[in-house]
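What follows is a short report on a single structure.
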Amino acid sequence: MDHPQTPRVLAKHLEAFQYKLVRVLGRVVQLRGETAVVDAGGSINLILNRDCHLALNHAVEIIGKVDQGLNVKVQAATDFGPNIDFEASNAVVEATHRHKEIFYDDD
Numbered sequence: 324m325d326h327p328q329t330p331r332v333l334a335k336h337l338e339a340f341q342y343k344l345v346r347v348l349g350r351v352v353q354l355r356g357e358t359a360v361v362d363a364g365g366s367i368n369l370i371l372n373r374d375c376h377l378a379l380n381h382a383v384e385i386i387g388k389v390d391q392g393l394n395v396k397v398q399a400a401t402d403f404g405p406n407i408d409f410e411a412s413n414a415v416v417e418a419t420h421r422h423k424e425i426f427y428d429d430d
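And the structure:
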């Protein structure tokens with residue numbers, strides 16, 4: 324079975340992935356009903372689905388589609404709790420973009 328690619332991105336990468344599925348690890352900094360904001364190397368606005376149960380200041384991994392306004396429409400969210408080393412995880416994201424031919428198709 325073929326699984327869709329979900330390249331890991333930070334806020335600065337969103338424009339290059341418009342209308343594509345991405346994976347974001349960030350800290351929840353704001354919750355507003357059906358939307359939220361995560362800090363992932365900058366602010367990313369999320370459009371939540373009804374299965375999202377985010378907690379303020381927790382790390383969350385989001386799989387979602389980047390829309391025309393560079394918001395991420397959440398398809399899946401995983402709470403990783405309050406103790407994540409974002410410096411290390413952001414370094415992994417940067418490495419995947421430096422060596423993208425290993426991690427995802429650039430189409």
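Residue numbering for the sequence shown follows the working numbering, beginning at 324 and increasing consecutively. Think of the CB as a built atom: it goes at the ideal place given N, C-alpha and C, for glycine as much as any other residue. Keep in mind it's a predicted model, so treat the numbers as computed, not measured.
In summary, valine 415 is exposed, with fewer than 16 beta-carbon neighbours lying within 10 Å of its beta-carbon over all protein chains present. Leaving aside the five residues that flank threonine 401 on each side, the residues in its chain whose CB is nearer than 6 Å to its CB run, in chain order, Glu384. Under the three-state reduction of DSSP, asparagine 413 is assigned to helix. DSSP, reduced to helix, strand and coil, places threonine 329 outside both helices and strands of the structure shown, so it counts as coil.
For glutamine 353, the enclosing beta strand (DSSP E) has its first and last residue at 344-355.
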